[in-house]
Each structure stands twice: as structure tokens, then as C-alpha cells.
Amino acid sequence: MPTAASVLNALTPDDIHWIPSSILDAARMVDLFSVEAPVTVDYGCGEGAFVLAMAQKYPGRNFLATERLVGRVEKVCKTAARLGLRNIRVLRLENLYTARFILPAESVAISYVSFPDPWPKRAHQSRRLVQPEFLEAVRATLVDGGELRLKTDDLPYFRWMEKVIAEAKGWERVEWQDDATHPLTNFEARFIAQGLPIHKTILRKV
Ligand SMILES: C[S@@+](CC[C@H](N)C(=O)[O-])C[C@H]1O[C@@H](n2cnc3c(N)ncnc32)[C@H](O)[C@@H]1O
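Using the numbering used here, you'd call the opening residue of the sequence shown number 1 and step up by one each time.
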């Protein structure tokens, strides 16, 4: 529940919905968040359960969520405002474009890609988010030792990710340690309820 003090300083959904002043230049994190703090990016946040829970759990960190669907962006912004969160912004923009052109170099501590669309048909696989150019773009945004955390329920896509990772330079692979208190994404909660396995890995920038 937001406190009286946090309500007085509360941000509106419009404050939380970040519209960059230019999409041709990299943003500056200091212009984006009210307080300087390590930044976590959630690419394709969907309905935002994960990023909202993380922003509540870690008030000393900043969170940027990207999502292409306007209805989802609006929903996350409204919920964040209702919760009195000041450390989250939501950007309606394509993931690869955001990583490549909007986020400044070496500005992000942790990036999450959770349950990206699997595009199972062979003809559509080029639309998958995890591709060499995406890993390269995300790597450039990360600080040294920063991490990209990947999760999917889709085994063929996970195998695809592993091939892309094997070819990528400048990362070490780290096993994801299970933490029962780690917030779940909307999709993750559904898959866990159905008893489905979740495939996950962490890439650390070296
Ligand atoms: C399968 S959902 C997973 C949502 C969330 N990460 C979760 O785990 O609950 C994938 C989300 O990514 C968004 N998305 C797909 N492609 C995108 C892209 N290229 N740029 C930004 N968002 C994208 C979709 O609109 C959708 O909300």
C-alpha cells in the first residue's frame, strides 16, 4: 500500500510512460529517473507483474520496462502509479531498437527477457528476439559484469538461444540459482500452475 508521503509525491501514469524526446539519440538515464541507481531493464514486460513486483521489492534500484502493445503499457503505468512507485518507467518501443539506439552504453546492470514470443514456424523464426544482433546490442548497454537473464517455456526456442549464445562473444554463462522469493512474470505464473518446465540461463558480460 502506498503511504501518505508517497501519495503526495506520486507520479501519474503519464509520468511513468516514458516517451523519449528523440528516438534518434541515446537517452540519458539521469533524465529518466528521479534518483540515480542501478538500472534493470525488462524487455517485453507484457502485463508487468514481474517488473512491478521487482520495483516494489527493490526501491533502491530503477526499472525500465519495454512493451510494444499500447494497452499493456497503459496498464503497467496505471498500476505503477496506483502503487506509488517512483522507480519505474515504461517505454512503448521495439526491443531491439531500444537496446541498439535508445539505451546508453554501459548504463544497465541487469536485463531480463522473459518468455519472448517463440515464433515456432520455421518461416517465422527470424522474428525471434534472441538473435546475434540483439545479444550484441544488449551487451553494449550493460555495465561490466552486468547480466542478461533469459527464460522461456519453449524448449525448441531455448535450444535456439543456446546456439546463438554459443556463437556470441564477450559473455560467460552462469546458471540461474532458484530463489523462491524472486517475483514471477505473468506467463511464468501460468506455466508453473500448469506444471510446465521453465528453461533459463544467465549471461554475464565479461
Ligand atoms: C509472451 S509475452 C511475455 C510477457 C512477459 N515477459 C511475461 O513473461 O509475462 C511477450 C511480450 O513481449 C511483447 N513483445 C513481443 N515482441 C516485442 C518487441 N519486438 N518489442 C517489444 N515488445 C515485444 C509482446 O507484446 C508481449 O507482451
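Don't be surprised by glycine CBs; every beta carbon is placed ideally from N, CA and C. Remember, it's a predicted structure, so these values are computed and weren't measured experimentally.
Does ligand 1 have a heavy atom nearer than 7 Å to the CB of residue i?
i	result
Gly146	no
Pro120	no
Gly71	no
Cys45	yes
Ser126	no
Ser111	no
Asp153	no
Ala40	For clarity, residue 40 is Thr in the given sequence; the question names Ala instead. Checking the Cβ of Thr40 against ligand 1 gives no.
Pro116	yes
Thr215	Outside the modelled stretch of the chain, which goes from 1 to 206, sits residue 215, for which no answer is possible.
Leu129	yes
Arg89	no
Arg100	no
Phe187	yes
When DSSP builds the beta bridges, which residues end up paired with residue i?
i	result
Ala111	Here the sequence assigns Ser to residue 111, which means Ala is not the residue at that position. Partner(s): Val41 and Leu148.
Leu17	Before going further, note that residue 17 is His rather than Leu in the sequence given. His17 pairs with Val90.
Arg204	Glu147 and Glu172
Thr66	Tyr43 and Leu91
Please classify residue i: does DSSP put it in a helix, a strand, or coil?
i	result
Glu162	helix
Lys75	helix
Glu172	strand
His199	strand
Ala5	Below a pLDDT of 50, predicted positions are generally treated as unreliable, and Ala5, at 48, falls in that range; no measurement from the model is reported.
Leu142	strand
His124	helix
Arg190	helix
Tyr97	helix
Pro132	helix
Ala26	coil
Arg61	coil
Ala80	helix
Glu167	helix
Leu85	coil
Pro118	coil
Ala53	helix
Leu184	coil
Pro156	helix
Leu11	coil
For residue i, count neighbouring Cβ atoms within 10 angstroms of its own Cβ and tell me buried if that reaches 16, exposed if not.
i	result
Arg68	exposed
Arg190	exposed
Asp31	exposed
Asn95	buried
Asp178	exposed
Leu155	exposed
Val174	exposed
Asp153	buried
Ala55	buried
Cys9	Before going on, a small fix: residue 9 reads as Asn here, not Cys. Exposed.
Ile23	exposed
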